[in-house]
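The structure under discussion appears below in the form of structure tokens.
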Amino acid sequence: MGDPIQPRPAAAVPGNFIADHCRRKHERPVRTISHPIRVYDPKWNELCHGQISDIIDSCDCCSDNKLRIGSETAGKMGANGGRVDGDTVVVSIATLCEKIGDAGMRAACGAFYGPGSAKNEGFNVPSLPQTKQAADIYATTSILEDILKYLEPATPTKQDKNDKRGTPDKPGIRLCKVLILTESPALVQSISSDEFWVWKDGNFEMNKKDAVANGKLFMALDDMMEKFWDQRKIPVWFWLVEKGTLQDAKGLASKRLEKIEAELILPSA
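The opening position of the sequence shown corresponds to residue 1 in the working numbering, with each subsequent residue numbered one higher.
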């Protein structure tokens, strides 16, 4: 993780704790910019002392990784309290891109939710540019799309109230934030930089000279992130970690790439 990270004191908990705990200052700073915060700083968390494991731990109930909370915070959550915040999603994303014989470049993605999580998966990059950056953007957008499918409606509509068909097969989940761990500086910089916001504020229009690489993919990712915020006020944050940190996610991508290679090179039965 590089240089030790100095923790900051926990902020006082205002108002109703269950409603406000996701907005505590140690998790999100006071906004000093007009656009949404997209880059996570681990120093926001009172438990961070320089290691990822300081603030991320596996949930006892589902085995998924979650953001850790201090004992004082957990106590204020009452009977539902614990060492992790169950209303968070933490996912590590890694991608690999390699040349496979005459088939050319192929990319694969890995999404790691936690040790033993049923959500861990490796998957292909479809008919997009088979490059590392395109794979990073596609993987993030795809994972966010999957998460959004499982969220419960923000407020019941009139149609929902009159619906007599019963509960859905897949119940919704509560969520207050999504934290994405990545080793890609290009991804984090591109989706959060001042240049990106200028581009977005200009309705994503630029001349050919200033064209953004993988622009359509970034537009799709931005649109997905906006859905989380506009519809449910859920922030999506990127945590840029050092290279070599996300070996579990990279392993999932590697296995998927091996399967792609076998399908392309080995003759079909």
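For glycine and all other residues, C-beta sits at the position ideal for the given N, C-alpha and C.
Buried or exposed, going by whether 16 or more other CB atoms sit within 10 Å of the CB of residue i?
i              : result
valine 198     : exposed
lysine 259     : exposed
glutamine 133  : buried
asparagine 45  : buried
asparagine 65  : buried
glutamine 51   : exposed
cysteine 61    : exposed
tryptophan 229 : exposed
glutamine 130  : buried
leucine 264    : exposed
Residue i: beta carbon under 6 angstroms from a heavy atom of the ligand FAD?
i             : result
glutamate 145 : The model on display carries no ligand, and the ligand FAD is accordingly not part of it.
Compute the Euclidean distance between the alpha carbons of residue i and residue j, then round it to the nearest angstrom.
i                 : j                 : result
leucine 221       : leucine 67        : 23 angstroms
aspartate 136     : serine 117        : 21 angstroms
valine 241        : glutamate 183     : 5 angstroms
cysteine 48       : isoleucine 234    : 22 angstroms
phenylalanine 112 : isoleucine 180    : 10 angstroms
glutamine 189     : alanine 249       : 21 angstroms
glutamine 231     : leucine 175       : 12 angstroms
leucine 58        : alanine 94        : According to the sequence provided, residue 58 is serine. The question's leucine does not apply to it. Distance between the alpha carbons of serine 58 and alanine 94: 19 angstroms.
alanine 103       : isoleucine 55     : 42 angstroms
valine 125        : serine 34         : 34 angstroms
glycine 215       : glutamate 195     : 13 angstroms
aspartate 169     : lysine 149        : In this prediction, aspartate 169 scores a pLDDT of 42, lower than 50, which makes its location untrustworthy; no coordinate-derived value is stated.
serine 63         : valine 91         : 12 angstroms
leucine 217       : arginine 83       : 37 angstroms
methionine 219    : glycine 202       : 12 angstroms
alanine 186       : alanine 213       : 11 angstroms
proline 115       : glutamate 205     : 42 angstroms
leucine 257       : lysine 119        : 18 angstroms
proline 36        : alanine 107       : 30 angstroms
glutamate 226     : alanine 139       : 17 angstroms
leucine 246       : leucine 128       : 24 angstroms
serine 53         : phenylalanine 123 : 26 angstroms
valine 13         : tryptophan 239    : With a pLDDT of 32 at valine 13, under the threshold of 50, the modelled position of that residue is not reliable, and the figure given next carries that caveat. Rounded to the nearest angstrom, the two C-alpha atoms are 24 angstroms apart.
Which residues in the same chain as residue i place their Cβ atom closer than 7 angstroms to its Cβ, once the five residues preceding and following it in sequence are excluded?
i              : result
serine 254     : Leu96
serine 224     : Sequence inspection shows methionine at residue 224; the serine mentioned does not correspond to that position. Same-chain partners within the cutoff: Thr141, Leu144, Glu145.
lysine 200     : Asp222
lysine 177     : Cys22, Thr88, Ile234, Pro235, Trp237
glutamate 261  : Ile100
isoleucine 147 : Val89, Val178
methionine 1   : Low confidence applies here, because methionine 1 scores a pLDDT of 36, under 50, leaving its location unreliable; read the following figure in that light. Answer for methionine 1: Gly50, Gln51, Ile52, Glu242, listed in chain order.
Any idea which residues DSSP pairs residue i with across the strands?
i             : result
arginine 68   : Val84
alanine 107   : Cys97
glycine 251   : BP columns for glycine 251 are empty, so no partner.
glycine 122   : Gly110
lysine 288    : The question about residue 288 has no answer here: the residues shown for the chain are numbered 1 through 269.
threonine 182 : Leu240
aspartate 57  : Lys66
Please work out which residues of its chain come closer than 6 angstroms, Cβ to Cβ, to residue i, disregarding the five sequence neighbours upstream and downstream, and give them in chain order.
i             : result
isoleucine 69 : Asp85
lysine 243    : Glu183
serine 192    : Arg38, Val39
Sorted by chain position, which residues of the same chain lie with C-beta nearer than 8 angstroms to residue i's C-beta, five sequence neighbours on each side aside?
i              : result
glutamate 121  : Gly110, Ala111, Leu252
methionine 287 : The structure shown does not extend to residue 287, since the chain spans only 1 to 269, so no value can be given for it.
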